[in-house]
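For the record, in the sequence shown the residue sitting at position 352 is 337 according to the working numbering, with numbers rising by one throughout.
Here a beta-carbon is modelled for each residue, glycine too, at the ideal position from N, C-alpha and C.
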Amino acid sequence: MKDKKKEILKRIKSLDIYHINQIDTDYQLDVEIIELFVRTHYVFGDISEIEKDKKVNLLITKVIEKIYENKTNDVVKNNNQNYKKEIEKIKKEAVIRAKELADLRKKEQKELEKKKRAIQKKEKEKEKIFKDLKKKKIKLKDTPDFVRKDKKIIKEVLEIDLSQYEDIHSSLKSSKSFNSYLIIEIGNKNNIQLIYDFLNKDLKRDKEIVEETFLLLSEKDEKKFFQKLPKDLKRDKAWIISLIKNNVPVFHHIDKDLKKDKDIFKAAIMHQYSGLIKTAPLELQNDKKIIAKVVSNKPELFEYASDNLKKNKKFIFDLLINMSTYQAGLLYKFIDKKLQKSKSFIQPLIKVYPSTYHYLVPELKKDKELFFEAFNNDEDSDFEFEHIDHSILSDKNIINKNIIINKLSKKLDQSYGYDFYFPNFIEKIHPSLLKSEEIFEEIIKFKGFHRKVLDWFDPRLVNKYKDKYLVREYHFQFWHGEPFFPDTYIFNHSDKVVKRFDTTGRQDLIYEKSFINNETINGLDTLIINKAFSSLKFKKEEDNRYYQKFKDLPVLGFPSNPERKEDQNFIGYEMHADDEDYFRENNQIKYLANYDDIYEIVSEGKDIGKFLFSTNNYRTIQMFYSSLKNLFKILNDQFYDEDLGEISLDLLSNNKLDDFIFIYSQIFLNELYNEINPVKLKKTFIKDLNHFLKKFDLKILDCHLDTMVWPGETDVDYNPNLFSEFQFYVRYKGINNRIES
-14 MKDKKKEILK RIKSLDIYHI NQIDTDYQLD VEIIELFVRT HYVFGDISEI EKDKKVNLLI
46 TKVIEKIYEN KTNDVVKNNN QNYKKEIEKI KKEAVIRAKE LADLRKKEQK ELEKKKRAIQ
106 KKEKEKEKIF KDLKKKKIKL KDTPDFVRKD KKIIKEVLEI DLSQYEDIHS SLKSSKSFNS
166 YLIIEIGNKN NIQLIYDFLN KDLKRDKEIV EETFLLLSEK DEKKFFQKLP KDLKRDKAWI
226 ISLIKNNVPV FHHIDKDLKK DKDIFKAAIM HQYSGLIKTA PLELQNDKKI IAKVVSNKPE
286 LFEYASDNLK KNKKFIFDLL INMSTYQAGL LYKFIDKKLQ KSKSFIQPLI KVYPSTYHYL
346 VPELKKDKEL FFEAFNNDED SDFEFEHIDH SILSDKNIIN KNIIINKLSK KLDQSYGYDF
406 YFPNFIEKIH PSLLKSEEIF EEIIKFKGFH RKVLDWFDPR LVNKYKDKYL VREYHFQFWH
466 GEPFFPDTYI FNHSDKVVKR FDTTGRQDLI YEKSFINNET INGLDTLIIN KAFSSLKFKK
526 EEDNRYYQKF KDLPVLGFPS NPERKEDQNF IGYEMHADDE DYFRENNQIK YLANYDDIYE
586 IVSEGKDIGK FLFSTNNYRT IQMFYSSLKN LFKILNDQFY DEDLGEISLD LLSNNKLDDF
646 IFIYSQIFLN ELYNEINPVK LKKTFIKDLN HFLKKFDLKI LDCHLDTMVW PGETDVDYNP
706 NLFSEFQFYV RYKGINNRIE S
């Protein structure tokens, strides 16, 4: 019997038995046989040994249950005369196997616990050794093998002291995957040569390792490194081409005869050094694939294409329609001179690509048929009026008022974007159109409105706007980690706000911030904020920790940025909330940060991190106060009048400024104990502001707080990861106040 069992176990190991039904029925319920079968044939994936043991136990149970189920079904199906006896026998077998399995599980559970304890002990020992290594109390060579084999520990140790590479375990020294990982993770231009020098001979010859090393070398070290490589590698043409295609800068270091090799030279032109086309043989300069690749990045290199390609209409057509207007203009200069002047070549090109008109030779730009072809096919509004020939631009029968207003409305957003646009073409339109109030009102909205613009328009029209009211829009956008330092955006309107500029979302167009220095916030400002905050009562008791406790508030306010040098020692992250060891080791931590808030830790001891005080309401008041302070600073810079005095937030309220902030910050706060009507209070707030601003002929028309702000370009990688924005609409008087310096 024992021999039979041994034979079955052997056949399972050798994969001779691959299905449970191939096992002799007398042994199908043997726990040891089932366990080996499961471990041999089941695909466990990337899980720990402990998890694997748990899975094996579960699968053994399922296999046994399935076998009993099949046996019982067979008895019933075959209408066995000894039905009751057979069922009884199966039940007895099930009890026996269940006991065997229970005993096995107990045994395995003990082994599992033993393994767990051993792993925990090892991990603690490893952690202690790792700390000592980082503090340089011990050397790597004095640590046990399991530490010298640990990739994570080795990586961090070598980041501190690369010379200890010699003492890592031999299995890691010879491991290509580990050394490749090491090069990628810690390699840089200052240490990569040293890492490579530590490698064994086989790894130094490995093509992938050499490539990874080369990419990290400084330019001055490349030649020396390449010269040290084995000769057979340096002469390996296929490998060199592969390196060039992967942007490894080896071309200038290879032997002269290899540089002249057609395949290598071609690879270098197409993948790294497009400028080589200048000295390339005619065969390569006449190669469509090479030229197309070269000019896709540097269109001006079309100058070095063969005369044959410069005359090839289809080839040039395909190149131009796949380029930006700027790129196409550069390439156009170098196509055959006759083609540049050929209307029959240009006209079909303009139909597909209207912006072709921008770079036409002067005589074709005057062609009205070509102009209308371009203008009427310009669905994407890419057609730039600055490129229109003066004879067409100044013809009011072609460029009329409606066309100009339509163009200006489409280009307004671009004026406030990073590429900054101002419609200078207006100066050249027909003089009668420069009397149009509608066109003038559109121009007023553009960023970069300068005094010279007034000279373009009819003096009587300009004079009409001397005392006319206009509107300016101010946005103060705050990252919650810096509640005193907003990004400021300024937009302009005529006397009505027809378009609202959205700076709150991840729209395709990102507006450019105005370069304005933020108002300085000092200790007196924090005092005002603290007094206002301590006067506010909220519905939730936990939010009233500082209600009527002004003196208990931090003198400099709550810290808000876990990455700021002066705050980082006091702010931890929410993931540590239940980690008592973390707080024991970092006992100066008084705050926790998560995605949307900074919390003050209220409790101590075992409950640390369990009870937290949100600083979100305090931060809203900081942002509200800062937006007002910055608004008044900008208004003072833009509208200061020596006779009327300074426009300052400090002069705003007859009452104390902290009372003003206490009252009106409630417009933007939620869950207040005493409910207020925010719409009504906002009207009173604007009325109070305007009472002060009236003597400067300024008026706040409206204000908003938007807490749903997602400015993609200013996202941060650490918490809190929220943004808010205060917006103000201010009316002012006179076109002279609209002019930008």
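In the displayed model, Phe598 falls within a strand according to three-state DSSP. Residue pairing by DSSP places Asn175 in no beta bridge whatsoever.
Beyond the five residues adjoining it in sequence on each side, Leu613 comes within less than 6 Å, by CB distance, of Leu634 in the same chain, given in chain order. Counting other Cβ atoms within 10 Å of its Cβ, Ala223 stays below 16 and is therefore classed as exposed. Collapsing the DSSP output to three states places His460 in a strand. For the pair Lys481 and Leu455, the Cα-to-Cα distance works out to about 7 Å.
Look at Tyr584 here: in three-state DSSP terms it is strand.
Put simply, the segment 258 to 274 does not touch the segment 238 to 246. Fewer than three CB pairs are less than 8 Å apart. DSSP, reduced to helix, strand and coil, places Asn579 within a strand of the structure shown.
Comparing alpha-carbon positions, the option among Ile685, Val48 and Ser726 lying closest to Lys718 turns out to be Ile685. Annotation for Asn722: no alpha helix (DSSP H) segment contains it, and DSSP assigns it neither H nor E. Phe476: member of the beta strand (DSSP E) spanning Asp472 to His478, first to last residue. A Cβ-Cβ separation of about 5 Å places His256 in contact with Lys230 under the 8 Å criterion. Counting only residues of its own chain and dropping the five nearest sequence neighbours on each side, Phe199 has a CB closer than 6 Å to the CB of Val233.
For the options Thr310, Tyr311 and Tyr317, the alpha carbon positioned closest to that of Phe300 is the one of Tyr317. Counting along the chain, Ile138 sits inside the alpha helix (DSSP H) bounded by residues Lys136 to Ile145. Taking 8 Å as the cut-off, the Cβ atoms of Lys295 and Phe319 count as close.
Under the DSSP assignment, Ile685 falls outside any alpha helix (DSSP H), being part of the beta strand (DSSP E) whose first and last residues are Lys684 to Asp691. The continuous beta strand (DSSP E) containing Gly557 extends over residues Ile556 to Tyr558.
Taking a contact to require three or more Cβ pairs closer than 8 Å, the segment 672 to 684 and the segment 613 to 631 qualify as touching. Membership of Phe518 in the alpha helix (DSSP H) is indicated by the continuous run Gly508 to Ser519. Contact between Phe407 and Phe431 holds: CB atoms are separated by about 6 Å, below the 8 Å threshold. When beta bridges are read from the DSSP output, Asp626 appears opposite Gly630. Shortest Cα-Cα distance from Thr25 to any of Lys392, Lys37 and Phe211 involves Lys37. Of the candidates Glu268, Leu228 and Asn362, the residue whose Cα lies closest to the Cα of Ile249 is Leu228. Met608 sits buried, since 16 or more C-beta atoms from the chains shown fall within 10 Å of its C-beta. DSSP, read as helix, strand or coil, puts Tyr181 in helix.
One alpha carbon belongs to Phe518, the other to Asn621, and they sit about 27 Å apart.
Tyr344 sits in a helix when the DSSP states are folded into three classes. Assignment of Leu707 by DSSP, reduced to helix, strand and coil, places it in the coil class. Within its own chain, the residues whose Cβ lies closer than 8 Å to the Cβ of Ser417, once the five positions on either side in sequence are excluded, are Lys381, listed in chain order. Between Pro705 and Ile606, the C-beta gap is not smaller than 8 Å, which leaves the two residues out of contact. Here the alpha carbons of Asn387 and Phe647 stand approximately 50 Å from one another. When the beta-carbon positions are compared, Glu427 and Ile390 come within less than 8 Å of each other.
CA-to-CA, the gap between Ala290 and Gln270 works out to about 5 Å.
The continuous alpha helix (DSSP H) containing Met255 extends over residues Lys247 to His256.
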